[in-house]
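Input: a single structure, listed below in structure tokens.
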Amino acid sequence: MAEGGGGARRRAPALLEAARARYESLHISDDVFGESGPDSGGNPFYSTSAASRSSSAASSDEEREPPGPAGAAPPPPRAPDAQEPEEDEAGAGWSAALRDRPPPRFEDTGGPTRKMPPSASAVDFFQLFVPDNVLKNMVVQTNMYAKKFQERFGSDGAWVEVTLTEMKAFLGYMISTSISHCESVLSIWSGGFYSNRSLALVMSQARFEKILKYFHVVAFRSSQTTHGLYKVQPFLDSLQNSFDAAFRPSQTQVLHEPLIDEDPVFIATCTERELRKRKKRKFSLWVRQCSSTGFIIQIYVHLKEGGGPDGLDALKNKPQLHSMVARSLCRNAAGKNYIIFTGPSITSLTLFEEFEKQGIYCCGLLSVRKSDCTGLPLSMLTNPATPPARGQYQIKMKGNMSLICWYNKGHFRFLTNAYSPVQQGVIIKRKSGEIPCPLAVEAFAAHLSYICRYDDKYSKYFISHKPNKTWQQVFWFAISIAINNAYILYKMSDAYHVKRYSRAQFGERLVRELLGLEDASPTH
Numbered sequence: 406m407a408e409g410g411g412g413a414r415r416r417a418p419a420l421l422e423a424a425r426a427r428y429e430s431l432h433i434s435d436d437v438f439g440e441s442g443p444d445s446g447g448n449p450f451y452s453t454s455a456a457s458r459s460s461s462a463a464s465s466d467e468e469r470e471p472p473g474p475a476g477a478a479p480p481p482p483r484a485p486d487a488q489e490p491e492e493d494e495a496g497a498g499w500s501a502a503l504r505d506r507p508p509p510r511f512e513d514t515g516g517p518t519r520k521m522p523p524s525a526s527a528v529d530f531f532q533l534f535v536p537d538n539v540l541k542n543m544v545v546q547t548n549m550y551a552k553k554f555q556e557r558f559g560s561d562g563a564w565v566e567v568t569l570t571e572m573k574a575f576l577g578y579m580i581s582t583s584i585s586h587c588e589s590v591l592s593i594w595s596g597g598f599y600s601n602r603s604l605a606l607v608m609s610q611a612r613f614e615k616i617l618k619y620f621h622v623v624a625f626r627s628s629q630t631t632h633g634l635y636k637v638q639p640f641l642d643s644l645q646n647s648f649d650a651a652f653r654p655s656q657t658q659v660l661h662e663p664l665i666d667e668d669p670v671f672i673a674t675c676t677e678r679e680l681r682k683r684k685k686r687k688f689s690l691w692v693r694q695c696s697s698t699g700f701i702i703q704i705y706v707h708l709k710e711g712g713g714p715d716g717l718d719a720l721k722n723k724p725q726l727h728s729m730v731a732r733s734l735c736r737n738a739a740g741k742n743y744i745i746f747t748g749p750s751i752t753s754l755t756l757f758e759e760f761e762k763q764g765i766y767c768c769g770l771l772s773v774r775k776s777d778c779t780g781l782p783l784s785m786l787t788n789p790a791t792p793p794a795r796g797q798y799q800i801k802m803k804g805n806m807s808l809i810c811w812y813n814k815g816h817f818r819f820l821t822n823a824y825s826p827v828q829q830g831v832i833i834k835r836k837s838g839e840i841p842c843p844l845a846v847e848a849f850a851a852h853l854s855y856i857c858r859y860d861d862k863y864s865k866y867f868i869s870h871k872p873n874k875t876w877q878q879v880f881w882f883a884i885s886i887a888i889n890n891a892y893i894l895y896k897m898s899d900a901y902h903v904k905r906y907s908r909a910q911f912g913e914r915l916v917r918e919l920l921g922l923e924d925a926s927p928t929h
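Count the sequence shown with the numbering used here and you get residues 406 to 929, in order.
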């Protein structure tokens, strides 16, 4: 029975407190993670936070309706009809008879695996992922490539073999473009708006350009190598090993494509002509990300097939490709009872059942157009002629899998084996009041909301340098992710309580430490 408006207002604080308690780690991490600020992409539907933006867009596959009156009491959920007719073959085994089930048990506490001293610097955290031995290999490979290049195309009298100190400075200069948001690293020496005399004095522009010309992670192709990313794969493997060694994720994680192309603020200022002139990436980059901290646990790079107009954009609508991506991103997740949140292109019954056998549980948003709906009952995928009241839902169950159709200014469908279908949740909006939903819907909203915030913060470390070579693009994106993870570990360490650097200040310190200017005051 739905309560009156006054009853709803009296219950709201208790419901909000209960919702926050369910995702205590998320609310703690929002404070631990960094500065406050607006979400970049918003939430696919609604956030569990009572203070969330009232203008958050709610979208569905087929329709969009205006929100109900502010403060209105939510309608009661629609009870499943136990007398529904038999499903066709596609929906065989699905039943409206629901049963409770405990959540997947998770015993790992998660978090950093190494206690860093209070005196640890920005470069100390960065070198958890890009240590000296990796940089020394870059030095060797760069010098080898320069030698081979000159043997083939003629001697370069201005070239002197690069050193480890210079390689660190070279990385520092590249990373500085993410702090200043300038288009070219050469702006440092230009004398213009983005110039920086203190940084420019460490290395001449001519020397920097020579290192940039010859920079390599792998100088030569092996006869056994067929992988298109062979020039950067050893670095990606090393980075993955260091991510695994430095951090244990929480139970809840998200598979998605992070914002990696540009700083959203910079994109907003570009003209359409400028955007058209930019070369499209020849790869897609996917991550598995800890939703409690924002730490990026694993990276997967998929090379674009061919150079035709179908290219990367066409791949976004291929569930079979994205299922392959999901399997690759979860190859180290088996047997740990992780809960993985997925978007429509990944969500499928086949994939979720396969993961459950491996001890991986899922909660995903479904789209009739974008998802692989094989094995799902057609009656749950078809919208009724008359839209139901806001907050109503229908659930069917097959084994541990629940298929949810929930209405909130549009039809939203979820597939999950991680949350009990009989457990109730709530979406709380400042103006719209409480919106009842299954617990799985609340959980999906909470975790995706935080990932939107992490994407906005991660964009602070975009390296603006735009090389033409695909392997170089992948390399600099990977470096950006390493800095993001380094900052998260810093925020979770004792060092943060000694010097509370913001995300931007941490990046500035890292640049200056790589350039050997750690005793100087931060740049502006």
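We treat Cβ as the ideally placed atom computed from N, Cα and C, and that holds for glycine.
Checklist entry - Who pairs with residue 657 in a beta bridge, going by DSSP? => result BP columns for residue 657 point to 744.
Checklist entry - Which class does residue 763 belong to by DSSP, given the choice of helix, strand or coil? => result In the structure shown, residue 763 sits in coil (DSSP, three-state: anything other than H, G, I, E or B).
Item to check | Through-space distance from residue 524 to residue 704, alpha-carbon basis | outcome: Those two C-alpha atoms are separated by around 30 Å.
Checklist entry - What is the DSSP secondary structure of residue 438, counted as helix, strand or coil? => result Bear in mind that a pLDDT of 38 at residue 438, under 50, signals an unreliable position, so the number given afterwards is only what the model happens to contain. The answer is helix: DSSP assigns residue 438 an H, G or I state.
Checklist entry - Which value, in whole angstroms, describes the spacing of the CA atoms of residue 545 and residue 569? => result Roughly 9 Å separates the two Cα atoms.
Checklist entry - If residue 366 sits next to residue 583, beta carbons under 8 Å apart, how far is it from one beta carbon to the other, in whole angstroms? => result Missing from the structure shown is residue 366; the chain here goes from 406 to 929 and no further.
Next on the checklist: Considering Cα atoms alone, identify which of 529, 882, 499 is closest to residue 895.
Outcome noted: Ranking 529, 882, 499 by Cα distance to residue 895 puts 529 first.
Next on the checklist: Can you tell me whether residue 558 is buried or exposed? The criterion is at least 16 other CB atoms within 10 Å of its CB, across all chains shown.
Outcome noted: By the 16-neighbour rule on beta-carbons within 10 angstroms, residue 558 is exposed.
Item to check | Those residues which DSSP pairs with residue 694 across a bridge | outcome: DSSP lists 659, 701 as the beta-bridge partner residues of residue 694.
Checklist entry - Is residue 824 helix, strand or coil when you go by DSSP? => result Coil at residue 824, not helix or strand.
Item to check | Proximity test, Cβ basis, 7 Å: residue 803 and chain D | outcome: Within the model displayed, chain D is absent; a lone protein chain is all it includes.
Next on the checklist: Rounded to the nearest angstrom, what separates residue 634 and residue 846 at their Cα positions?
Outcome noted: Linking residue 634 to residue 846 through their CA atoms gives a straight-line distance of about 38 Å.
Checklist entry - Buried or exposed: which applies to residue 603, given that a residue is buried once 16 or more other Cβ atoms fall within 10 Å of its Cβ? => result A residue is called buried once 16 or more other Cβ atoms fall within 10 Å of its Cβ, and residue 603, having fewer, is exposed.
Item to check | Buried versus exposed call for residue 829 [16 or more other C-beta atoms within 10 Å across all chains shown] | outcome: It is exposed - the Cβ of residue 829 has fewer than 16 other Cβ atoms within 10 Å.
Item to check | Segment contact flag, the stretch 653–661 with the stretch 738–748, C-beta cutoff 8 Å, min 3 pairs | outcome: Using a C-beta cut-off of 8 Å, the stretch 653–661 makes contact with the stretch 738–748, since at least three inter-stretch Cβ pairs fall below that distance.
Checklist entry - So does the stretch 876–891 actually touch the stretch 501–514, counting three or more Cβ pairs closer than 8 Å? => result No: the two stretches stay apart, fewer than three of their Cβ pairs being nearer than 8 Å.
Checklist entry - By how many angstroms is the C-alpha of residue 801 removed from the C-alpha of residue 809? => result Taking the straight line from one Cα to the other gives about 7 Å.
Checklist entry - Where residue 781 and residue 687 are concerned, what is the direct C-alpha to C-alpha distance, given to the nearest angstrom? => result It is roughly 34 Å from the alpha-carbon of residue 781 to the alpha-carbon of residue 687.
Checklist entry - Given that a residue counts as buried once 16 or more other Cβ atoms are within 10 Å of its Cβ, and exposed if not, what is residue 818? => result Counting Cβ neighbours within 10 Å, residue 818 comes out buried, since at least 16 surround it.
Checklist entry - Leaving out five residues before and five after residue 898 in sequence, what residues of the same chain have Cβ atoms less than 6 Å from its Cβ? => result Once the five neighbours on either side are set aside, the close Cβ partners of residue 898 are 521.
Item to check | residue 757 and residue 813 closer than 7 Å at C-beta | outcome: No, these two residues do not count as a Cβ contact at 7 Å.
Item to check | Length-filtered (3 minimum) beta strand (DSSP E) runs lying within the stretch 752–810 | outcome: Here the runs fully enclosed are 765–771, 798–803.
Checklist entry - If residue 535 and residue 706 are in contact, beta carbons under 8 Å, what's the gap, nearest whole angstrom? => result The pair is not a contact, with the Cβ atoms about 17 Å apart (cut-off 8 Å).
Checklist entry - Which value, in whole angstroms, describes the spacing of the CA atoms of residue 759 and residue 779? => result Cα to Cα, the separation comes out at about 14 Å.
Checklist entry - Out of curiosity, what's the CA-to-CA distance linking residue 831 and residue 856? => result Between residue 831 and residue 856, the C-alpha separation is close to 20 Å.
Next on the checklist: Looking at the secondary structure, which residues open and close the beta strand (DSSP E) in which residue 840 lies?
Outcome noted: Looking at the DSSP string, the run of the beta strand (DSSP E) that includes residue 840 is 838–843.
Item to check | Residue range of the beta strand (DSSP E) that includes residue 830 | outcome: Looking at the DSSP string, the run of the beta strand (DSSP E) that includes residue 830 is 829–834.
Checklist entry - Nearest-angstrom Cα distance between residue 627 and residue 645? => result Their Cα atoms are separated by approximately 22 Å.
Item to check | residue 820 versus residue 811 - alpha carbon distance | outcome: Residue 820 and residue 811: Cα-Cα distance of roughly 11 Å.
Checklist entry - How would you call residue 838, buried or exposed, if buried means at least 16 neighbouring beta carbons within 10 angstroms? => result With 16 or more other Cβ atoms inside 10 Å of its own Cβ, residue 838 counts as buried.
Checklist entry - Which residue from 788, 803, 833 puts its Cα closest to that of residue 815? => result Among 788, 803, 833, the Cα nearest to that of residue 815 is on 788.
Item to check | Residues bridged to residue 516 [DSSP beta-bridge criterion] | outcome: Per DSSP, 653.
Checklist entry - How far does the alpha helix (DSSP H) with residue 538 in it reach, from first residue to last? => result It spans 537–558 - the alpha helix (DSSP H) in which residue 538 sits, taken as one unbroken run.
Item to check | Environment of residue 764 [buried if 16+ CB atoms lie within 10 Å] | outcome: Exposed, since its Cβ has fewer than 16 Cβ neighbours within 10 Å.
Item to check | Cβ distance (whole Å) where residue 564 is taken to contact residue 551 below 8 Å | outcome: Right, the Cβ-Cβ distance comes to about 6 Å (below 8 Å), so this counts as a contact.
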